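What follows is one structure encoded as structure tokens, with my remarks underneath.
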Amino acid sequence: MAQDKPTVLYVDDVPINLKLFEATFRNDFNLILAQYPKEVLKILEEKEVQVLVSDQRMPEMTGTELLAIVAEKFPDIRRYLLTAYSDMETVIEAVNKGGIHGYINKPMQPDEIRQSINGSLEVYHLRKKNRQMMAELEHMNEELLNMDRLKSEIIHSISNEISTPLNRIMGTLHLLKNKIKGDELSEVVNILDNSVFKLEQFSLLAKQISVLKSPGFELKQSKVSLKQVIQFSAIETSEELKEQEITLERDLNVSEDNVNGDSALLVSCLVSMIQFAKEHTEEGGEIVVDTSVDEGRLTCSVKDQGVNYSDALFDILSNHFSQGESALNLSMGIGLALSQMIMDTHGGMVVFEKSEKNQGCLKMIFPAVAQSI
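Using our numbering, read the sequence shown as starting at 13 and increasing by one per residue.
Pasting the structure below:
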């Protein structure tokens with residue numbers, strides 16, 4: 013359908029060249045043809061254009077001059093210069109002044125042009141998607157800013173945690189300024205998808221915390237199999253652990269006991285603990301999840317390899333969680349704050365221990381063991 017085609021604007025002061033371009037690409041793109049550079053600027057003010065192809069030698073201004081203006085006023089538009097193969101000085105000037113994304117040699121090769129434009133459109137849509145995501149995040153922050161002091165602290169923590177994936181997105185988009193090949197573009201898309209996934213995770217954590225702290229919240233309890241909680245948590249974290257080739261080792265003798273609580277919340281709690289352990293486990297390493305019963309209390313433990321711990325972090329974690337603190341400490345990450353809130357809601361606690369080998373171990377400790385399955 014015509015409306016599904018991308019819009020390409022072609023400017024050339026030679027009418028026969030415009031007709032040739034239209035005849036060649038009318039089935040591939042929505043085409044807008046312009047004979048004078050001044051027309052181009054007016055068109056761009058009124059219509060959404062994804063790609064601009066400009067001839068270099070025109071009477072009003074050169075293609076380089078036109079593309080420099082477009083780069084400043086409409087930076088998202090993908091810009092191509094049409095010039096003679098031998099005119100490399102012009103190409104260099106266009107790169108420096110007009111920020112072009114590629115150049116097209118005369119005489120034009122249709123297949124080469126199609127490939128260049130289609131590859132450039134992928135970049136255009138990625139940039140547009142990123143802008144929309146940033147706008148949604150800003151809108152979410154505006155809503156959260158109207159909430160109480162606790163939620164303001166959560167916003168601050170989220171802002172710190174999402175800075176890394178956001179920086180990766182922005183850095184990746186800078187790489188797209190240069191012409192890239194298909195394999196490279198696929199890698200870029202994977203980076204963006206992973207970063208967006210992390211942003212969605214943090215958004216979900218914020219919502220869960222808001223629910224737990226909302227007035228009148230009541231925990232809907234039922235008998236929950238801890239073995240099943242571990243299985244679901246392993247599924248939830250499998251993809252991100254696979255990226256770092258980290259193995260999640262589960263004790264085959266996991267307790268068959270039930271606990272009273274909300275299954276979805278308990279899965280969120282354990283997932284957050286596994287994700288924290290991942291940050292302290294080397295690539296190709298192992299995280300161990302097991303259970304035990306001590307003095308009638310059921311415990312689920314998550315053990316990492318002790319990577320990236322400082323003495324200060326060990327002290328903060330040990331002091332905060334070993335003393336059964338009820339106050340939130342968002343400096344340790346919003347995931348652990350959520351874990352603590354979930355266990356508080358279930359009448360249990362989160363405990364952190366350091367092994368003799370400087371490995372970390374987070375524990376979900378429940379108040380009592382319910383009837384076995």
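Glycine is no exception: its CB is placed at the ideal position from the N, C-alpha and C atoms. As the structure is a computational prediction, the values presented were derived from the model and not from experiment.
Leaving out the 5 sequence neighbours to the left and right, which residues in its chain are closer than 6 Å to T36 when beta-carbon positions are compared? P122
Is DSSP giving K141 helix, strand or coil here? helix
Tell me, which residues are paired with C281 by DSSP? Its beta-bridge partners do not exist; DSSP assigns none.
Take K232 and list the residues in its own chain whose beta-carbon comes closer than 8 Å to its own, dropping the five residues that flank it on each side. Answer for K232: D274, listed in chain order.
Inter-stretch contact (C-beta, 8 Å, three-pair minimum) for the region 280–297 and the region 244–256: yes
So, with DSSP's three-state summary, where would you put Y22? strand
Exposure label - I125; buried when at least 16 CB within 10 Å: By the 10 Å Cβ count, I125 comes out buried.
Rounded to a whole number of angstroms, what is the C-alpha to C-alpha distance between D16 and E257? 40 Å
Check the DSSP bridge columns for V63 and list the partner residues they point to. V20 and R90
N42 - partner residues in DSSP beta bridges: T19
Rounded to whole angstroms, what's the CA-CA distance from N272 to F378? Just pull it up for me. 9 Å
Measuring alpha carbon to alpha carbon, tell me which residue in R309, K366, Q287 and E251 is nearest A324. K366
Taking Cβ positions, are E298 and E261 nearer each other than 7 Å? yes
Which of the three DSSP states is assigned to N270 in this structure? strand
Can you tell which of V61, Q287, T95 and H113 has its C-alpha closest to the C-alpha of S128? A check of alpha carbon separations from S128 across V61, Q287, T95 and H113 identifies H113 as the nearest.
Please confirm if L277 has its CB atom under 7 Å from at least one CB of chain C. No chain C is present in this structure, which holds just one protein chain.
Check this for me: beta carbons of L133 and Q240, under 7 Å apart or not? For the pair L133 and Q240, the CB atoms are not nearer than the 7 Å cut-off.
With T311 as the anchor, note down where its beta strand (DSSP E) starts and where it stops. R309 to K315
For C373, which residues in the same chain have their Cβ closer than 8 Å to its Cβ, ignoring the five residues on either side in sequence? S313, V314, K315, D316, F364, E365, K366 and S367
Under three-state DSSP, which class holds I377? Strand.
Looking only at C-alpha atoms, which of Y48, A289, V82 and K31 sits nearest to V301? A289
If we ignore side chains and look at the alpha-carbon of each, how far apart do M361 and L350 end up? 12 Å
For Y92, collect the residues of the same chain with a Cβ closer than 6 Å to its Cβ; drop the 5 residues on either side in sequence, then sort them by chain order. Counting only residues of its own chain and dropping the five nearest sequence neighbours on each side, Y92 has a CB closer than 6 Å to the CB of V65, G114 and I116.
Since I believe D25 is in contact with M70 (beta carbons under 8 Å), could you give me their beta-carbon distance rounded to a whole number of angstroms? 5 Å
Is L374 near the ligand HEM - that is, is its Cβ less than 6 Å away from at least one heavy atom of it? As for the ligand HEM, it is missing from this structure, which has no ligand bound.
With a threshold of 16 other CB atoms inside 10 Å of the CB of H358, please say whether the residue is buried or exposed. buried
Within a Cβ cutoff of 6 Å, which residues of the same chain sit near L30, ignoring the five residues on either side of it in sequence? D24 and L45
Please list the terminal residues of the continuous beta strand (DSSP E) segment that includes M361. Counting along the chain, M361 sits inside the beta strand (DSSP E) bounded by residues M361 to K366.
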